[in-house]
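Below is one structure, written out as structure tokens; comments come after it.
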Amino acid sequence: MEKIQICFLIDHIDFFISHRLVLANHLAINHDLTIITDLNKPEFNLDKEKLGKIRLVHLDKRPPISSPFSLLKYIWKLHQVTKLHGKFGTFFVTLEKSFFGCLICIFVKNKKSFFVITGMGQKLFQEKRFP
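My numbering puts the first residue of the sequence shown at 4, with every later residue one more than the last.
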């Protein structure tokens with residue numbers, strides 16, 4: 004079986020480790036798995052044994068949008084890093100990353116992309132109670 008390259012593009016490594024590490028380690032057994040995230044977080048301290056075969060790649064967080072050019076520059080960086088590490092497909096995790104990933108997919112037709120948007124149900128479907 005040929006190893007395929009899969010990457011997860013995420014905002015926060017700590018949430019990923021606490022909620023998706025088992026899945027990631029399982030995928031890394033048979034595939035080349037990369038997690039792309041901002042690794043500059045000062046409280047980031049991860050036991051390398053927990054990662055197993057998973058590779059971490061640093062990508063700076065999106066800077067505040069001061070101009071349309073700065074946003075396009077950030078989207079271009081996302082495209083470059085996912086092109087390099089996600090040959091099979093890229094999982095864009097979070098609403099913002101999924102939106103930018105969707106923009107990339109509009110212009111790059113040959114890429115498999117998956118958009119993972121979770122944790123919004125509580126806010127979208129909560130009952131509004133009136134006294």
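Quick reminder that beta carbons are idealized off the backbone N, C-alpha and C, glycines included.
Can you tell me whether DSSP reads residue i as helix, strand or coil?
i	result
Ser-69	coil
Val-84	helix
Phe-19	helix
Phe-95	strand
Ile-9	strand
Asn-28	helix
Gly-104	helix
Considering residue i, what are the terminal residues of the beta strand (DSSP E) in which it resides?
i	result
His-61	58-61
Lys-115	115-119
From what residue to what residue does the alpha helix (DSSP H) around residue i run?
i	result
Ile-39	Run containing Ile-39: none in the alpha helix (DSSP H); it sits in the beta strand (DSSP E), 35-40.
Quick one, are the C-beta atoms of residue i and residue j less than 7 Å apart?
i	j	result
Leu-26	Ile-9	no
Ile-78	Phe-103	yes
Phe-91	Ile-7	yes
Assign residue i to buried or exposed, taking buried as 16 or more other Cβ atoms, counted over all protein chains shown, within 10 Å of its Cβ.
i	result
Ile-109	exposed
Lys-64	exposed
Gly-55	exposed
Return yes when at least one heavy atom of the ligand PLP lies under 6 Å from the C-beta of residue i, else no.
i	result
Cys-105	The ligand content of the structure shown is nil, which means the ligand PLP is not present either.
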